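The sequence shown begins at 31 in this note's numbering and counts up by one.
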Amino acid sequence: MSRQGGHLALAWMSLQLLLWHESVTIEVPQDPKILADLRQPPTITKQSVKDYIVDPRDNIIIECEAKGNPVPTFSWRRNGKFFNIGKDLRVTMQKRSGTLEIEFRNGGRPEDYEGEYQCFAGNDYGMAMSNKILLRVSKAPLWPKEVLEPVVVTEGSSLVLSCNPPPGLPPPVTFWISSLMMPIRQDKRVSMGLNGDLYFSNVMAQDAQNDYSCSARFLFTHTIQQKNPFTLKVLTNDPYNDTSYNDSDPYGGRKVAESMPTFLSPLGSESSKMVLRDEQLLLECIAAGLPTPAIKWFKKGGDLPGHKVKFEMYNKTMKIINVSEEDAGEYVCMANNHLGSIRHSIFVQVRAAPYWLDKPTNLVLAPEENGRLVCRANGNPKPTIQWLVNSIPIDSSLPDPSRQLMGDTIIFRSVQMGSSAVYQCNASNQHGYLLANAFVSVIDMRPRMLGLKNQLIKVIENNRTFLDCPFFGSPIPELRWFKNGQGSGLDGGQYRVYVNGTLEIKRAKAMDEGTYTCVASSILGMAENQVRLEVKEPSRIVLAPEHQSAVRGSTARFNCKVKFDPSLPVTVTWTKDDKPIHLGRRLRKDDETLTIANINEADEGTYVCTVKTEIDQDSASARLTVLEEASLNPSVSSALPPDRPDPPMDLELSDPAARSVRLTWIPGNDHRSPVTEFLVQFEEDRWEPGRWQDLATYPGDLTSVILQLAPFVNYQFRVIAINAVGQSVASVPSPKYQTSSAAPDVIPRGLRGWGSEKDNMEITWEPLLDLEKNGPNLHYSVWWRRKDSDGEWNNVTTTGTKHVVHNTETYVPYEIKIQARNDLGAGPESNLVIGYSGEDKPTSAPTDLHISKVDSTKGNIHWKPVNQDSVRGEFKEYRLYYWRKASHVPGLVFSKENKTKGFYTTMAQPSAILSDLVPFSHYQMFMVVANNHYEGPPSNSVEFSTKEGVPDAPSFFRIKRRGFDSIHLEWGKPTEPNGLLIGYRLKYQAANGSREGRPHLETFLPNVTEFTLRLPDRSTRYNFYLSALTTVGAGEVIIEESPFFTNEENFTDATGLAYIDQVDIATQGWFIGLMCAIALIILILLIVCFIKRSRGGKYPVRDKKDLPLDSVDHKDPDGSFDYHSDEDNKPLQGSQTSLEGNVKESDDSLVDYGEGGDGQFNEDGSFIGQYTVKKDKDETEGNESSEATSPVNALYSLA
């Protein structure tokens, strides 16, 4: 019955944890103003170590410091009882601290203050406590007086000289010295054990001396105490003569009985050792015997941990650092000489003092919020967990209705202002304890802004921009951003608001300029701050400097034309080889140019132009090469530009050797640009005849070099000269040079073993390069054997690059090595490579596949792993197959494509997150385990459904102008509604450049996909923001801007790309230009017509008189023409004709003004002269003007 009740309680606890919703804990910023106003329980910040050993010659200081608001007060317990500091004159407590200082200037014994101390720091909100500090005084006891009898042993026997130092605190360091203060020489035969004793595996005659003294050094007191010396006498069969001693015959020819190994320490055939986790394990085996035994170490059932094991004292001591549970087991030391061997087993147990798995941390909550403290620790044996509150066991403390203890977790629900306290978690076992303080602080504070007020932020256009708005409050305020004091909050589209209050603008544009306001609000109030954003044009170099070569003494100029935002102060600087340039008479800089006059060799280098503003910079570089003068004649030198050098000449070979030869040449003309380097190439006629390959490059001042060559190659060389302009033509080849053969000296690369079938292993490698063969008849020797088998090597010799080993077991490791050989011998062996035979299909499937915490797009999957042996190959991953089986949206068409996702984990209880799921859908999944080639059988199949989410953007968004006073909008349903659509939200506002008007909001039912907007003003443009709605919220926003003219039509698809289907021709530049040209031509034609018409009234009067005048007007004596030509018979342009086609007579006639060809004038001298013979020139000019058809002539005549 009780067992059933326990199960029910456990199930209820699990259900409570599952249903409980934890609030996000509040992080308190380290802002001095916030901390000054924030009331918090105390926190221990400094304390002495748990095991505290002090020097008796010094004052005792026990540290304890804490922080909190109000400032904590301190108290102490000693040996579990209240320690009244005021009653002990030797004990004082430091101000604003709990640190104790115990003075002994006026007497007193430090030993009287030994004991266990514990510090307590408290204020109005709780009590924190330190660890229990065990205070002990260092001791250096004297060595007991004793009379040591001489030690007499027979030569060849073993011996142990005991030390037994006095037990100090801390234990002393022991060592052996002689009366001359010289250390006793230790070696494989003579050594000191871990207990301080001196061990002789076998005694020799020269060991006899009377001053073997064990010494102990006490660290705290810095004193050394010495034991009375031992006198060692050695009995020999023959007299000992130290002149006969040598390393090959240490016994000087005397016959000393040999003996098999026996152990001096530890004794017997087996022993045990216990060590704590993370400490150091020291195992010792010292053996006696003659000859001196050698010591070897093994671990039964596994390998020694090579990365953390170390052998000392000639292999007699094995040290393992940072011990872990995997280091437990049976260790075997073996001592052997040529007479035999013995073994000793040491069974190592690894225990562990408690260590943290989940250490409790401070919890800051607002009233009515939830939280939890977790305290998880591990150890061996398993530690017990005890909770305390304000240093009192939680079972004995005052009850708190908001608190519930559930094993290693304390749950807090709907905390109140009085719930603040300091909780202590104590995890302990027989090897030690852990103590952690964690406070629960319940605070309420109005929202506050932490950053600078009214910041001005300047950014570069098109850059990603972040506007910070640090804030704090309890409960955690909701933060919203507004631009220019308008709108309903910025989030979505090009804006993103982070949890810490930062606003991200993905690509800042000029229209993003303005004042941004962040507002933090909670039930206690609100706070706001403003940030002014200015978007600037990027600074860039539009005309960069170019590489150039200049003759010494001439002038060089580097251009650097920059473009930058005029509102930003800018600096343009020059550097040479990363060092600033010092301007002067020779080096001058103006706005766009750096001028270097009278160039010399020191001016050669790389010049960098950098344009820099307060928020960005750009740079460009160019190299200046200084050339020598090409001729003594300045005009010739300046006239000839630098050119490529001539090829080197007269190549000679000398100093031949097996793998080298000296090559010498004469350089050609450098053509006014010095040679910077020579490239030596070679061609060989055995493997790739006719192909020239690069061998090496050498500085331009060398003309004789030693070439390092490969054996078994018939070389021919050529040289190419290189200067700043380019490369020369290759030189004439040198004579041929044949190197002698040699054994290979390169190990084949890429050695690996892998299985192409389940019962084979393919060993492959890369062949040696032609120049690495070193001799004829190259072949490869390959060895392999099962790993850890210590069996014989299998080997094969082949000229290929692959060997297949058949009839192997499935996926077993092999050791592989390879060696290249030729007729001259063998090359070096490779290192051992581990290869594996082939893989087979896994035999097991993951079990208990299930999913938890499923939301709209992701869920946590869990499963039980397979046994690694069942993978039958290299474990690659757990592979999850999942597919969308159905959608909860009625009638939605979707793809049922199978998807896979791999998870690599070797945990005992694996789990992973499956993401990128489609909301409001039904899924099915199963899992397999996979190696490199195969998949195992499937796990159990699991079906699950995702929750409803926000919809995708509408599939399209089309905007049309239907007339002067309306805009018609159309849109399509989202491709993925991600839930049941409940409608659409349309926000629109008038746009005037970067300024936006007051927003308007419209909502529509899910079956409505169009809307007509009445326009108050045809010239007003609008920005439209459309999104679909589900019960979860609004989806992705699609943005569109209204067009200008009546025949524009914008179309935006779900990707956000906009298209214009029709364009108003009247707005196009080419059309406007064409219309202007046509208007100009029409204007010119009108002007010409006007001129023609006005010229038509100026004609010879004779054309309008009687015909009898014709006889006297054919030709004047002075050669002037008359006016009765065929042309004159035609009517003038612009004149009027009669119905009969004759010229109408004018009312004015020459008869009225007199006759004759002298061109007489009337009394006032006017008018009649126009119609006389002497006016012919003027008439002719008038006629020419009237006949002109050129617009230019017409305009000229008007002038």
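Just so it is clear, CB atoms sit at the ideal spot from N, CA and C, and this is done for glycine as well.
Here the structure is a predicted model, which means the values were calculated and not measured.
Straight-line Cα distance separating residue j from residue i
i, j, result
"E131", "G138", "14 angstroms"
"Y1226", "V1118", "Reliability of the predicted coordinates at Y1226 is poor, the pLDDT of 36 falling under 50, and no value is obtained from them."
"K483", "V353", "55 angstroms"
"S584", "R615", "14 angstroms"
"V762", "D680", "8 angstroms"
"K162", "Q416", "15 angstroms"
"S289", "W206", "27 angstroms"
"G437", "Y385", "17 angstroms"
"S757", "Q485", "Before going on, a small fix: residue 757 reads as Gln here, not Ser. Approximately 58 angstroms, taken between the alpha carbons."
"F104", "R126", "9 angstroms"
"A586", "A751", "26 angstroms"
"I376", "D388", "35 angstroms"
"E1079", "V959", "Confidence is the limiting factor: at E1079 the pLDDT is only 43, short of 50, which leaves the residue's position unreliable, though a coordinate-based value still follows. Taking the straight line joining both Cα atoms gives about 56 angstroms."
"I535", "N492", "10 angstroms"
"E309", "T414", "22 angstroms"
"P195", "T261", "18 angstroms"
"I473", "W1001", "49 angstroms"
"A754", "L624", "22 angstroms"
"E146", "V470", "28 angstroms"
Top-ranked residue by Cα proximity to residue i, from the options
i, options, result
"Y953", "M212, S917, V1067", "S917"
"F1041", "T1061, T1050, I1068, I989", "I989"
"D542", "W823, V561, R1015", "V561"
"L334", "L311, L320, R909", "L311"
"K929", "G921, R914, V923, I943", "R914"
"A580", "D607, E631, M955, V233", "E631"
"I736", "G437, W784, S684", "S684"
"F594", "R582, E644, G370", "E644"
"P431", "N589, L294, S449", "S449"
"T640", "V600, A235, K832", "V600"
"N744", "P411, A754, S770, V755", "S770"
"K338", "E399, V203, K349", "K349"
Residue interval of the alpha helix (DSSP H) (run including residue i)
i, result
"D67", "62–67"
Per-residue DSSP class, three states only, for residue i
i, result
"C1119", "helix"
"I506", "coil"
"L1113", "helix"
"P1046", "coil"
"S78", "coil"
"K488", "strand"
"E356", "helix"
"V549", "strand"
"D648", "strand"
"Q524", "coil"
"I163", "strand"
"F933", "strand"
"W386", "strand"
Limits of the unbroken beta strand (DSSP E) element including residue i
i, result
"A412", "Here residue 412 is Lys; the residue named in the question, Ala, does not match the sequence. Looking at the DSSP string, K412 is not in any beta strand (DSSP E), and its letter there is neither H nor E."
"H368", "It is not in any beta strand (DSSP E) - H368 carries neither H nor E in the DSSP assignment."
"N825", "824–828"
"A1058", "1051–1059"
"I712", "According to the sequence as given, residue 712 is Phe; it is not Ile. Per DSSP, F712 belongs to the beta strand (DSSP E) from 707–714."
"C455", "451–459"
"H836", "832–836"
"R5", "The structure shown has nothing for residue 5, since the chain only spans 31 to 1229."
"P477", "475–479"
"K803", "Premise fails: K803 is in no beta strand (DSSP E) and is neither H nor E."
"T439", "439–442"
Length-filtered (4 minimum) alpha helix (DSSP H) runs lying within the stretch 866–897: none
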